[in-house]
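Read through the structure below, which is laid out as structure tokens, and then see the notes.
In UniProt numbering, the protein residues as written are 1 to 157.
Given below as structure tokens:
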């Protein structure tokens, strides 16, 4: 069940779908996401450090047991939920971070940069295959809906 009380679709709770994303954020590989892990993640995507209020808000939304860390089950509950507490989709926020140029599409370079920063080196052919899987093309990139296809995350309303 989502923090909002909504029920998750069965396909969104697959450990294999969300575990890689959790592992990317767990910078120190201790099995839980801390504020420091989030700072390290966001530092890889912008020239300035992530806003502390944003990090606090993310931790507050996900840390359901208030221990100062986001364990995998908490992460899974929040990411699988269609909306974050501020009304925006959590996956939409992920998309915005990945969309470095802010054009609303993940280009070949956006995806390649993200994959490399996340520690998942991908060849140009891998990136092309991901874009194709998401229903995009190498010129236009892939939309938010395409990213969900790539990640096999079904959003529920």
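Glycine is no exception: its CB is placed at the ideal position from the N, C-alpha and C atoms.
Query - residue 101 (DSSP reduced to helix, strand or coil) - result: Residue 101: coil per DSSP, three-state reduction.
Requested in this report: Give the DSSP bridge partners of residue 74, in chain order.
Outcome: The partner list for residue 74 (beta bridge, DSSP) is empty, contrary to what the question assumes.
Report task. Compare the beta carbon distance of residue 141 and residue 105 with 8 Å and say whether it is the shorter of the two. Result -> In this structure, residue 105 lies closer than 8 Å to residue 141 by Cβ.
Query - The alpha helix (DSSP H) enclosing residue 129, as first and last residue numbers - result: Taken as a continuous stretch (DSSP letters only), the alpha helix (DSSP H) holding residue 129 covers 124-133.
Query raised in the report: Between which two residues does the alpha helix (DSSP H) carrying residue 146 extend?
Result: 144-151
**Report entry** Supposed contact pair residue 37 and residue 21 - C-beta distance, whole angstroms, cut 8 Å
**Finding:** Not quite, the Cβ-Cβ distance comes to about 12 Å (not below 8 Å), so this is no contact.
Report task. Sort 115, 121, 116, 111 by Cα distance to residue 131 and report the nearest one. Result -> The shortest C-alpha separation from residue 131 is found at 111.
Requested in this report: Within the same chain, show all residues whose beta-carbon is closer than 8 Å to that of residue 99, passing over the 5 residues directly before and after it, in chain order.
Outcome: 105, 106, 110
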